[in-house]
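In the working numbering, the protein residues as written are 12 to 528.
Below you can see the structure in the form of structure tokens.
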């Protein structure tokens, strides 16, 4: 490795790259890990790049994968920059010591965005703070939407997940040259990124590549093939073409993105609908990832940190006024939630008994969040013999109605609360001390596997970040340990609820109704 303070050069197994020093940290952006996935490679598995000659300049973010923009309502809260170009299978590295022999822990970030949006160029995901604190941070771009998760009869499924496997393999082989320890790689991701991580650590191709994993607001899961296929067929119908990869590859990218956005505009985690997702494929995903991790012995030795935000659903319902609309729907909304969660009417009645003051949207939102996210993560922690840790993010946004919504914790984890893009969700005046706590926990977990609180056991400890007042029910401080979410009390500890509150729910639990998912 040769380096000047303004121009670090690292010689990796794939070729030399020139980065930049920024605020005392070496940064390498836009490093390609696979060939551009277009032309004859469109909709196909990623193709490795041969080692390059010369020095690749890594001074700027590389192209972002094709994606439709957020709707105006969501763009008010979420940023999603676009960098044009074909070479979109690229990654970025922040390192405090760009030299072999440093053997620093490594964090590899997979962004969220429902597998249709997002990129590593989002300013909230800047890895400087991790490198500042002694961790090599890597962020990855991967194909999205129909390009990455379309299901076709003439090409292998899950090319976006295969991109992630290719990136992880690249990191494992090259990160030592950048100061990282290939034996201490921690995957971390949020929402669709966390769902991807569940599939990655269960995939046969990644065994031995990952030491630890952080799943933020996303459980291991496989989508129904019929649901993904329906999305592709609806797009094909609008485009008046066959539902094949060959036919889709001939369509202009912008037209394809516009069609994808139109077909998927009514999909959301709460209401469901056709959407893209990871599917079982007999290869990278031989079985449902949650089953593989809880019953099949997948990912032996991989330690887990997992959690959720207290009001995940508010990011799905607040933009566009859906929160008020669901409240007005009343019984109709409950019927939709029962269909979404495959449960009977006794389940929402149990939630209503626990929260008689809550509106319909809050009950529906928490019920669906439990079904889709919290309960699967709880089952995963229960089933693992390796150390697992759980957290809840409870600090409410300073913006109206968002509460502790989906994705709000990211500015705290990355310690990037000062960037304008983080304030789009948090508002002004987000507490720096909370960022210090969360960021330090992620650094500790990547370094030695202990984020700083009790590991999951039969008492089900949950680290709560960011509450603003003492807990009147159990006397714990808001940043103390212990179960806080009342619905999750069913699977944590009966003592969290008073006998009067718990009676209707205990009856439901005996019947098995609250364990259906």
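C-beta atoms are modelled at their ideal positions from N, C-alpha and C, and glycine is treated no differently.
Item checked: With 16 other Cβ atoms within 10 Å as the buried cut-off, status of residue 403 -> buried
Check: Is any heavy atom of the ligand GTP found at a distance shorter than 8 angstroms from the C-beta of residue 390?
Finding: Absence of the ligand GTP is noted for the structure shown, with no ligands found whatsoever.
Checklist line | residue 20 versus residue 70 - alpha carbon distance | finding: 11 angstroms
Check: Around the Cβ of residue 296, are there at least 16 other Cβ atoms within 10 angstroms (buried) or fewer (exposed)?
Finding: buried
Item checked: residue 320, DSSP secondary structure in three states -> strand
Item checked: Whole-angstrom C-beta distance between residue 323 and residue 234, which should lie under 8 angstroms -> In fact, because the Cβ distance is near 19 angstroms, the residues do not count as touching under 8 angstroms.
Next item on the list: Report yes or no: do the stretch 122-136 and the stretch 192-207 share at least 3 C-beta pairs separated by less than 8 angstroms?
Entry: yes
Check: When we look at the beta-carbon of residue 89 and count the other beta-carbons within 10 Å, is it buried (16 or more) or exposed?
Finding: buried
Next item on the list: Find out if the Cβ-Cβ distance for the pair residue 103, residue 138 is shorter than 9 angstroms.
Entry: yes
Next item on the list: List in chain order: all unbroken beta strand (DSSP E) runs of 3+ residues lying wholly within the stretch 44-92.
Entry: 66-68
Next item on the list: Classify residue 16 as buried or exposed, calling it buried when 16 or more other Cβ atoms lie within 10 Å of its own Cβ.
Entry: exposed
Next item on the list: In angstroms with no decimal places, state the Cα-to-Cα distance between residue 461 and residue 470.
Entry: 18 angstroms
Note to self: My parser needs the beta strand (DSSP E) runs of 3 or more residues fully inside the stretch 142-184; what are they?
What the structure shows: 147-151
Check: Under a three-way DSSP split, which group does residue 244 fall into?
Finding: helix
Check: Are there 16 or more other CB atoms within 10 angstroms of the CB of residue 269, so buried, or fewer, so exposed?
Finding: exposed
Notebook entry, point to check: Out of curiosity, what's the CA-to-CA distance linking residue 338 and residue 319?
Noted result: 23 angstroms
Notebook entry, point to check: For residue 120, which three-state DSSP category applies?
Noted result: strand
Checklist line | Three-state class that DSSP yields for residue 302 in the structure shown | finding: helix
Margin query: Rounded to whole angstroms, what is the Cα-Cα separation between residue 331 and residue 456?
Written below: 37 angstroms
Notebook entry, point to check: Is residue 223 helix, strand or coil when you go by DSSP?
Noted result: strand
Note to self: Within 10 Å of its beta-carbon, does residue 63 have 16 or more other beta-carbons around it, so buried, or fewer, so exposed?
What the structure shows: exposed
Item checked: Member of 372, 313 and 390 whose CA lies at the smallest distance from the CA of residue 301 -> 390
Checklist line | DSSP three-state assignment for residue 201, whether helix, strand or coil | finding: strand
Next item on the list: Would you tell me roughly how many angstroms separate the C-alpha atoms of residue 114 and residue 224, rounded to the nearest one?
Entry: 19 angstroms
Item checked: Three-state class that DSSP yields for residue 335 in the structure shown -> helix
Notebook entry, point to check: Any idea if residue 168 is buried or exposed, counting beta-carbon neighbours within 10 angstroms, 16 or more meaning buried?
Noted result: buried
Notebook entry, point to check: Which value, in whole angstroms, describes the spacing of the CA atoms of residue 183 and residue 59?
Noted result: 14 angstroms
Notebook entry, point to check: How is residue 469 classed by DSSP in three states: helix, strand or coil?
Noted result: coil
Margin query: Restricting to Cα atoms, I'd like to know which of 132, 466, 315 and 156 is closest to residue 239.
Written below: 156
Checklist line | Nearest-angstrom Cα separation, counted from residue 217 out to residue 398 | finding: 19 angstroms
Item checked: In DSSP terms, what residue 402 is bridged to -> 318 and 474
Item checked: Rounded C-alpha distance that separates residue 42 from residue 212 -> 23 angstroms
Next item on the list: Would you grab the beta carbon distance between residue 374 and residue 363 for me? Rounded to a whole angstrom, and I think it's under 8 angstroms.
Entry: 6 angstroms
Next item on the list: Can you check DSSP and say which residues form a bridge with residue 265?
Entry: Answer by DSSP bridge pairing: none, since residue 265 is not bridged.
Next item on the list: Decide if residue 276 is buried, meaning its Cβ has at least 16 other Cβ atoms within 10 Å, or exposed.
Entry: exposed
Checklist line | Residue interval of the beta strand (DSSP E) (run including residue 19) | finding: 18-23
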